[in-house]
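Report on the following structure.
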Amino acid sequence: MTRKPRRIETWHPDDEVVEPLLRAMHLGRRRVYRQGDFLYSQGEVDPSFYLVLRGHVLVSSMREDGSEFTLETMGHRAVCGEAAAFDGKPSFTSAFALDEVEVIAFRADQTAAAFATHPEIAVALLRIASRKQRIIAVRANYLASLKPQARIAELLHRLAEQYGLAEQGATAIGVSLTHQQIAALTGTTRVTVTRALKRLREQGDIAVEDNRVLVPDMKRLMQVAARR
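Counting with numbering that gives the first Met the number 0, you get residues 0 to 227 for the letters of the sequence shown.
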């Protein structure tokens, strides 16, 4: 059986949610960023938000101690930068092109002017913002946990829910992340991630085959995440 190529993004909206923005692409401008380019930078005001058509964008925030905290890796049809664009305040995050990225850049003021005639655009942005807020709230709750294993289990559970593929009576996570990327997403270290994943395997909460993570029991993994 031919396997689908694995993703590296950790967040994207449902197709039906983003569809109004795809129909409104004429309101924005198509841009291409080379690997290593910034779509926008933390601390700067950017009047635009971005719909990713291809490529991958790392959205992260620098802490006061100089360490980087990864919020998400955005891929096809993801939207980023909308909060700061409409707020008009300096961005709390940076968006960095991990490879060649093609986007539609929408100016917030021009998009807002279209809400009266295209209310579905406003609804789409509200749904996207609501989903992001819910995920951030859940992550903040787990980041407050003293147990890195709980944070990592929550991340794996979320990825399995979003990108899971039924395989061999388990849920295969269709996202390829390095231990360093998991560490950045959970506020831990690479060494801690390696130890936590080993412990999860030994406990039977996950399995690893061909560098892929499989979740035998989703409820059991969520129970691990709840042990804080």
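Glycine included, each C-beta is placed from N, C-alpha and C at the ideal position.
Endpoints, the beta strand (DSSP E) within which residue i is located
| i | result |
| --- | --- |
| L38 | F37 to Y39 |
| V190 | No beta strand (DSSP E) contains V190, which is instead part of the alpha helix (DSSP H) from R189 to E201. |
| R150 | Premise fails: R150 lies in the alpha helix (DSSP H), P147 to Y162, not in any beta strand (DSSP E). |
| E67 | E67 to M73 |
| E208 | A206 to E208 |
Own chain, CB closer than 7 Å to residue i, minus 5 neighbours either side, in chain order
| i | result |
| --- | --- |
| M61 | Q41 and E67 |
6 Å Cβ shell around residue i - same chain, five flanking residues per side excluded
| i | result |
| --- | --- |
| V17 | R76 |
| P147 | T187, T191 and A195 |
From the options, residue whose alpha carbon lies closest to that of residue i
| i | options | result |
| --- | --- | --- |
| I172 | D216, E119, L21 and P118 | D216 |
| E208 | S175, R189 and K218 | S175 |
| W10 | G168, I151 and R130 | R130 |
For residue j and residue i, the rounded distance between their alpha carbons
| i | j | result |
| --- | --- | --- |
| A113 | V78 | 18 Å |
| M0 | I181 | With a pLDDT of 40 at M0, under the threshold of 50, the modelled position of that residue is not reliable, and the figure given next carries that caveat. M0 and I181: Cα-Cα distance of roughly 28 Å. |
| K3 | Y162 | Confidence in K3 is poor, its pLDDT being 48 and thus under 50, which makes the residue's placement unreliable; the coordinate value appears in the next sentence. Their Cα atoms are separated by approximately 12 Å. |
| L164 | T170 | 5 Å |
| E153 | E160 | 11 Å |
| E238 | I127 | The structure shown does not extend to residue 238, since the chain is modelled only from 0 to 227, so the question has no answer here. |
| A84 | N210 | 38 Å |
| A107 | Q132 | 19 Å |
Chain B within 8 Å of residue i, Cβ atoms only
| i | result |
| --- | --- |
| S90 | Included in the structure is just one protein chain, with no chain B present. |
Host alpha helix (DSSP H) of residue i (start-end)
| i | result |
| --- | --- |
| M217 | M217 to A224 |
| A182 | H178 to T185 |
Cutoff 8 Å; reference residue i; Cβ partners in own chain excluding five residues on either side
| i | result |
| --- | --- |
| I205 | L155, L196, L199, V212, L213, V214, P215 and L220 |
| V51 | M73, G74, H75, R76, A77, V78, C79, V100, E101 and V102 |
| T69 | L57, V58, S59, Q180, A183 and L184 |
Scan the region 69-127 and note each continuous alpha helix (DSSP H) run of 4 residues or more that stays entirely inside, going in chain order.
81-86 and 107-112
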